[in-house]
Amino acid sequence: MSSENLQITLPNGDVLQMEPGSTAGDVAVAIGPGLAKAAIAAVIDGATVSLGEPIRTDAAIRVITAKDPEALPVLRHSAAHVLATAVREIQPGAAIGFGPAIDNGFYYDFDVEVPFTPEDLEVFETKMSEIVAEDQMFKRRRVNKEEARQLFSDDPLKLERLEEFRDDEVITVYENGPFLDLCKGPHVPSTGHLRHVKLLSAAGAYWRGDENRQMLQRIYGTAFQKKEEMEEYLLRLEEAKKRDHRLLAKELDLYSIKEEVGQGLVLWHPKGAIVRHTIEEYLKATLLAHDYELVYTPQIANEELYEISGHLEVFEDNMFPAMDDDGSRFRLKPMNCPHHFMIYSTQTRSYRDLPLRFAELGTCYRYERSGTLHGMLRVRCFTQDDAHIFVRPDQIGEEYDRLLDLTDELLKVFGYEYHIALSTRPDKAIGDPTVYDGATDTLRRVLEARGMDYVVDEGGGAFYGPKIDVNVVDAIGREWQGGTFQLDFLMPERFGLEYIGSDNQPHKAVVIHRTLLGSMERFVGGLIEHYRGAFPTWLAPEQVRLLPVSKQWVESTQSLADELLMAGIRVKVASRDTLGYRIRESETMKIPFMGVVGEREASDDTVAVRKRGAGKKQDVMGRSDFISMILRDIETKSISSPAI
RNA sequence: GCUCUGGUAGCUCAGUGGUAGAGCGCGUCCUUGGUAAGGACGAGGUCGCGGGUUCAAUCCCCGCCCAGAGCUCCA
1 MSSENLQITL PNGDVLQMEP GSTAGDVAVA IGPGLAKAAI AAVIDGATVS
51 LGEPIRTDAA IRVITAKDPE ALPVLRHSAA HVLATAVREI QPGAAIGFGP
101 AIDNGFYYDF DVEVPFTPED LEVFETKMSE IVAEDQMFKR RRVNKEEARQ
151 LFSDDPLKLE RLEEFRDDEV ITVYENGPFL DLCKGPHVPS TGHLRHVKLL
201 SAAGAYWRGD ENRQMLQRIY GTAFQKKEEM EEYLLRLEEA KKRDHRLLAK
251 ELDLYSIKEE VGQGLVLWHP KGAIVRHTIE EYLKATLLAH DYELVYTPQI
301 ANEELYEISG HLEVFEDNMF PAMDDDGSRF RLKPMNCPHH FMIYSTQTRS
351 YRDLPLRFAE LGTCYRYERS GTLHGMLRVR CFTQDDAHIF VRPDQIGEEY
401 DRLLDLTDEL LKVFGYEYHI ALSTRPDKAI GDPTVYDGAT DTLRRVLEAR
451 GMDYVVDEGG GAFYGPKIDV NVVDAIGREW QGGTFQLDFL MPERFGLEYI
501 GSDNQPHKAV VIHRTLLGSM ERFVGGLIEH YRGAFPTWLA PEQVRLLPVS
551 KQWVESTQSL ADELLMAGIR VKVASRDTLG YRIRESETMK IPFMGVVGER
601 EASDDTVAVR KRGAGKKQDV MGRSDFISMI LRDIETKSIS SPAI
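Numbering (my numbering), first residue to last: 1 to 644.
Following this line, the structure appears as structure tokens:
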């Protein structure tokens, strides 16, 4: 064997001569003992592989250590194997499904007779630490299909996957201790690397995500390189639990969902309603200032409308059943667009009229599957901050620019960061691909011109047009679905939405479906979690609570309350129970300002002001100063004070 | 919709094959308070709904309703 050495290019540009048959791990050793020790995996020509992977051709190689972002998924995937090893040790009959790394950890699916309990998870976790302590090597092996069939003869799920391989495809298996898995890898060198692993939950999951197939039992877990990272992640989970809008909303009396009314149907209590009302008023004022026109449309429509739109064909599963009226069939509207199109088509429109922007806080009804309902975030009746913008093709770019301006203006007010995603043409797209792609390029240019960071979801667009999505990032870094600006070439065809051009000929308008906040339900639900229930003053249901030190000072306190009310401030006087009790209650209810009035304050016309979250710290101030301070907070929609 | 878990006072939960408890909240009274829970007494329950087993069911069994976790992340 006298084949030539392999030319290995390292990230710093150095070229290493390696003997044929060398592995990625050998490269790490050749670079230095420190790296060899820290190495977890390697990237060969862009593909992440295990250190045991032989190098076949000249290649660019980068060795991955715990510090590299690629290391975490490798670690977690290996953790999934260790989990499967443990489960198999304890329940040898458990058939194994898939066990990938996922966003925040990993899972492994098992086909077992009896679902796992939390106690099972503890047992598995203990077993896993033993496997980690044994430091079993992850050994990679290439096999052909026939060998693989024999290796996995007891694992029907693996066999099913196996049969999907082409005969010429490379099939690899990974072995650690007693456990063997059909797996493309890569893996860490040995189980000893998995020092911080935790199992989190177990639940059913369909084999291959298909609800027509058998249900497997999925165990979720997570793994980290460092203990502190694990602790931080678990803390974040705790924090998210504390912010759950369903719990906070109960404590703060914002909304409820009653069985007697129906699943997924939100009852807005006075305190929740005032939050929503305040947002809606602000939103409508902002839209009018941005040259939108408000419209109102009914919540039902003749079914024929949805035949024209095509919803009946593609969306019927998500629509409530029809109501019959002497041969006409009516549907609760699942979206507002067809109604808005009908308004557009009441007149012959000129190219000079466009863009036309019809906005409505439109209440829609969708039949969501019961298992997907979730507090205010997924409901069956919701009010959408909806608008349909009718433009000429040459106006698309400018209109998207305006939409991005408006988004920025709104989301800043609520203290949200956001990410932008551009979705491009899918295979199933209708119409002329050059029109679709041309429009997509226009959107891309708008984003580029604004210097915005964005991700591209290739093929993620709807079949009728590309879109830009705005995902908001909340106070603890979670992403929520926010705005979406969807271009539509299809509905103008279906509804004959035209305008007369300067050439005196009719042309098809282009529709932009857009929502900025999404639905009021989801937006307010998200805000509750974002603010942890501590709404900024302009949104707080009760902005000020006034506390007379004793009944003696109720009258003086009430006169201050009257002044606040006159100024348009939401205020309550609380005079029962002890002062300490009332202060505690005000804090619990997350009221932004407390004002205490006793002998001193009553005599010199002041108030002792205590801000939410500020503890004992208080400012004694004149009553008019107090009012103007609160008004300033409301007018500026301040999100920084008082403490959230 | 499917799998699992749960449903007991307005809320959070304990409990038992012999028709039920706590804390908070609520009501009344006492206390008239100076910065995160003053005290006493009291009202409040078809133990989710329907059926079955049993002398007896809130508890055991079956069905249903509702809630929670999960059901995309592909060897």
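In this text, a Cβ means the ideal position worked out from N, Cα and C, and glycines have one as well.
Following the continuous alpha helix (DSSP H) through L579, name the residue where it begins and the one where it ends. First-last of the alpha helix (DSSP H) with L579: L579 to T588.
Closest by C-alpha distance to H374, when choosing among M335, A540 and V266: Ranked by Cα distance from H374, the options M335, A540 and V266 are led by V266.
Considering only DSSP beta bridges, list what F224 is partnered with. Per DSSP, the beta-bridge partners of F224 are H196.
Determine the direct distance from the alpha carbon of T383 to that of S370, and round the result to whole angstroms. Distance from the CA of S370 to the CA of T383, rounded to the nearest whole angstrom, comes to 19 Å.
How is N302 classed by DSSP in three states: helix, strand or coil? Three-state DSSP puts N302 in a strand.
Look up S2 in the DSSP assignment and say whether it is helix, strand or coil. Caution is warranted here: a pLDDT of 44 is assigned to S2, below 50, making its placement in the model unreliable, and no coordinate value can be reported.
Can you give the Cα-Cα distance for M1 and P20, rounded to whole angstroms? Low confidence applies here, because M1 scores a pLDDT of 41, under 50, leaving its location unreliable and the question unanswered by this model.
What are the start and end residues of the alpha helix (DSSP H) that includes M666? Given a span of 1 to 644 for the chain in the structure shown, any question on residue 666 remains unanswerable.
Tell me whether R140 is buried or exposed, calling it buried when 16 or more other Cβ atoms sit within 10 Å of its Cβ. Counting Cβ neighbours within 10 Å, R140 comes out buried, since at least 16 surround it.
Does S640 pass the burial test, meaning 16 or more other C-beta atoms within 10 Å, or should it be called exposed? Burial call: exposed.
To the nearest angstrom, how far is it from the Cα of E169 to the Cα of A301? Answer to the nearest angstrom: the Cα atoms are 55 Å apart.
Is D386 buried or exposed, if buried means 16 or more other CB atoms sit within 10 Å of its CB? Counting the other Cβ atoms within 10 Å of the Cβ of D386 gives 16 or more, which makes it buried.
I55 versus A24: straight-line alpha-carbon distance, rounded: One C-alpha to the other measures close to 7 Å.
So M629 is in the alpha helix (DSSP H); what residue range does that whole segment cover? Element bounds for M629: R623 to E635.
Terminal residues of the alpha helix (DSSP H) in which E89 lies: Where E89 is concerned, the enclosing alpha helix (DSSP H) starts and stops at A71 to I90.
Return the first residue and the last residue of the alpha helix (DSSP H) that Y282 is part of. Per DSSP, Y282 belongs to the alpha helix (DSSP H) from P270 to A289.
Where M452 and F358 are concerned, what is the direct C-alpha to C-alpha distance, given to the nearest angstrom? Approximately 27 Å between the Cα atoms of the pair.
Cβ pair G192, D111 closer than 8 Å: Going by C-beta atoms, G192 is not nearer than 8 Å to D111.
Which of helix, strand or coil does DSSP assign to K617? Assigned with DSSP and collapsed to three states, K617 falls in coil, not helix or strand.
Between the Cα of L6 and those of V27, T372 and Y282, spot the shortest distance and give me the residue it belongs to. Ranking V27, T372 and Y282 by Cα distance to L6 puts V27 first.
Tell me whether the beta-carbon of H245 lies closer than 8 Å to the beta-carbon of I528. Contact: yes.
Compute the Euclidean distance between the alpha carbons of L15 and S22, then round it to the nearest angstrom. Before going further, note that residue 15 is Val rather than Leu in the sequence given. Each residue's alpha carbon lies about 15 Å from the other.
Just reading off the alpha helix (DSSP H) that T440 is part of, what are its end residues? First-last of the alpha helix (DSSP H) with T440: P433 to A449.
Under a three-way DSSP split, which group does Q395 fall into? DSSP places Q395 in helix when its eight states are reduced to three.
Name the DSSP bridge partner or partners of C364? In the DSSP output, where bridge partners are listed per residue, C364 has F382.
Tell me the residue span of the beta strand (DSSP E) that contains I528. Going by DSSP, I528 is part of no beta strand (DSSP E) but of the alpha helix (DSSP H) stretching over M520 to H530.
Does the pairing of the segment 392-411 with the segment 536-544 give three or more beta-carbon distances under 8 Å? At 8 Å Cβ cutoff, the stretches do not touch.
Residue environment, L194, which counts as buried when at least 16 other CB atoms sit within 10 Å: It is buried - the Cβ of L194 has at least 16 other Cβ atoms within 10 Å.
Span of the beta strand (DSSP E), counted from its first residue to its last, around F593: Run containing F593: F593 to V597, per the beta strand (DSSP E) assignment.
CA-CA distance, A322 and G264? Taking the straight line joining both Cα atoms gives about 19 Å.
Going by alpha carbons, who is nearest to P100 out of A223, V295, E53 and L159? It is A223.
Bridge partner(s) assigned by DSSP for T48: Note: T48 is bridge-paired with V43 in the DSSP secondary-structure output.
C-alpha gap between S603 and S550, whole angstroms: Pairing S603 with S550, the inter-Cα distance amounts to about 14 Å.
From V597 to R402, what does the alpha carbon distance come to, in whole angstroms? So the two alpha carbons sit approximately 49 Å from each other.
Taking the alpha-carbon of F138 as reference, which of G52, K67 and A95 has the nearest alpha-carbon? Here the closest residue by C-alpha is G52.
Using the beta-carbon count (16 or more within 10 Å), is V188 buried or exposed? Buried, because 16 or more other Cβ atoms sit within 10 Å of the Cβ of V188.
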